Amino acid sequence: MKVLGIETSCDETGVAVYDTGLAGAAGLRAHAVYSQIALHAEYGGVVPELASRDHVRKLLPLIRQTLAESGLTTADLEGVAYTAGPGLVGALLVGAGVARSLAWALDVPAVAVHHMEGHLLAPLMEDDPPDAPFVALLVSGGHTQLVAVDAIGRYRLLGETLDDAAGEAFDKTAKMMGLPYPGGPQLAALAEKGTPGRFRFARPMTDRPGLDFSFSGLKTQVLLAWRDSDQSEQTRADIARGFEDAVVDTLAIKCERALDEAGSDVIVIAGGVGANKRLRAKLQEMAAKRGGRACFPRPSLCTDNGAMIAFAGALRLEAGQHETAEVKVTPRWDMATLPQVAVVGSP
Ligand code: KG4
Ligand code: ZN
1 MKVLGIETSC DETGVAVYDT GLAGAAGLRA HAVYSQIALH AEYGGVVPEL ASRDHVRKLL
61 PLIRQTLAES GLTTADLEGV AYTAGPGLVG ALLVGAGVAR SLAWALDVPA VAVHHMEGHL
121 LAPLMEDDPP DAPFVALLVS GGHTQLVAVD AIGRYRLLGE TLDDAAGEAF DKTAKMMGLP
181 YPGGPQLAAL AEKGTPGRFR FARPMTDRPG LDFSFSGLKT QVLLAWRDSD QSEQTRADIA
241 RGFEDAVVDT LAIKCERALD EAGSDVIVIA GGVGANKRLR AKLQEMAAKR GGRACFPRPS
301 LCTDNGAMIA FAGALRLEAG QHETAEVKVT PRWDMATLPQ VAVVGSP
């Protein structure tokens, strides 16, 4: 099945074509992302109205470009998938409106995809994907969650952040130390030049049982360390390294705990922070030590993209799921309420 995927939940316009007839990573026939970073940079964060307007400008040209790159035309499409939530309502409505109209015009089904399910399933687009059950760590700018994946579409929340998401903590910490928006990747790059161990920050909530996270106190610790320092370039890099190590260690400790609790040795990592090199190495080491696996999407599919939406949508469309031709979005949406993806014809 050839499915067009559309992602417009925040500040990235993503479009892709996924073909379930081709095995593994080859199924992704084409994907393109247009990032609005430059548009929002001067405001230090995403301005929702500007985001919606830019999606309006970029989405149709990006669909044309991606279809051309995939070697297909609209007549070849057998389904359309779009992010219906969670996200910015205006931005979501742009993708939903275009996706529903296109599906209506082509007389093919359209399916509303949960953005975090898209992230969660992205690692399964790569070659040699793991089979459920497994545990997933979702680490993005808006979410930090540990999820038990009993089957595709059957998700149990094991733990989540009580305050800032991991990506948000990266972004806010970077901003505090004067790095430009969006700071997460820049802070990670700076940490590469930092001295390990010069600054040691807490590993929040690892000294008690449970799988929840809290990153806002860590941010305050960094602020105090930065304020009381000489604020030199080297110190900034050393603090960045201390911060990154604290976040990575904390995530790894909780992932290991979640695997123990779920009785699994397979951890799947998804979301923007999954692009972090040190996190990838640490979780790979942790999983290998238990004789298991840590599965990541390639870095470009960790951050927001249309490929994950095309893929998650294709799985649901193939199972016969789609909705009526209503343009409806769900800016707040609990992933645990999603229906399981049953294979068509099975009981
Ligand atoms: O999944 P994503 O693209 O968007 C959301 O759905 O939130 O995640 C973006 C988040 C941002 O907070 C960004 O700073 C963070 O992912 N991020 C990183 C890295 N690359 C992106 N954080 C740490 N290290 C990175 N290399
Ligand atoms: Zn995302």
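Residues in the sequence shown are numbered from 1 upward in steps of one, following full-length UniProt numbering. Using N, Cα and C, we set each Cβ at its ideal position, and we do this for glycine too. Treat the numbers as computed from the prediction; the structure is a model and nothing was measured.
{"query": "Using a Cβ-Cβ cutoff of less than 7 Å, which residues in the same chain neighbour R200 once the five nearest sequence positions on both sides are dropped?", "result": "G242"}
{"query": "Considering only C-alpha positions, which residue in the set L62, L106 and L92 is nearest to L77?", "result": "L106"}
{"query": "So if DSSP puts H114 in a beta bridge, which residue, or which two residues, is it bridged to?", "result": "G85"}
{"query": "Looking at C-alpha atoms only, which residue of S214, G183, D207 and I152 is the closest neighbour of A342?", "result": "I152"}
{"query": "Taking the Cβ atom as the reference point for each residue, do E168 and G141 lie within a distance shorter than 9 Å?", "result": "yes"}
{"query": "Is H119 close to the ligand ZN? I mean its beta-carbon at under 8 Å from any heavy atom of the ligand.", "result": "yes"}
{"query": "Which residues does DSSP pair with F170 in a beta bridge?", "result": "Bridge partners of F170: none, in fact."}
{"query": "Using C-beta distances below 8 Å, list every residue in its chain close to D128, excluding the 5 sequence neighbours before and after it, in chain order.", "result": "G24"}
{"query": "Identify every residue that forms a DSSP beta bridge with F134.", "result": "V149"}
{"query": "For my contact list, Y155 and L338 are in at a C-beta cut-off of 8 Å; report their separation, rounded to the angstrom.", "result": "7 Å"}
{"query": "Who are the Cβ neighbours of L279 in its own chain at under 7 Å, not counting the five residues just before and after it?", "result": "V248, L251 and V273"}
{"query": "Just to confirm, is the Cβ distance from V222 to T173 under 9 Å?", "result": "yes"}
{"query": "Starting from G14, follow its DSSP beta bridges and name the residues at the other end.", "result": "E7 and V33"}
{"query": "Identify the continuous alpha helix (DSSP H) that holds V247 and give its terminal residues.", "result": "E233 to A262"}
{"query": "Mind reading off the beta-carbon distance from residue 350 to A26? Whole number of angstroms is fine, and I expect it under 8 Å.", "result": "Lying before the first or after the last residue shown, residue 350 is absent from the chain, which here runs from 1 to 347."}
{"query": "Taking the alpha carbon of H55 as the reference point, which residue from L4, L88 and A314 has its own alpha carbon closest?", "result": "L88"}
{"query": "Between W333 and V147, what straight-line distance do the alpha-carbon atoms span, to the nearest angstrom?", "result": "15 Å"}
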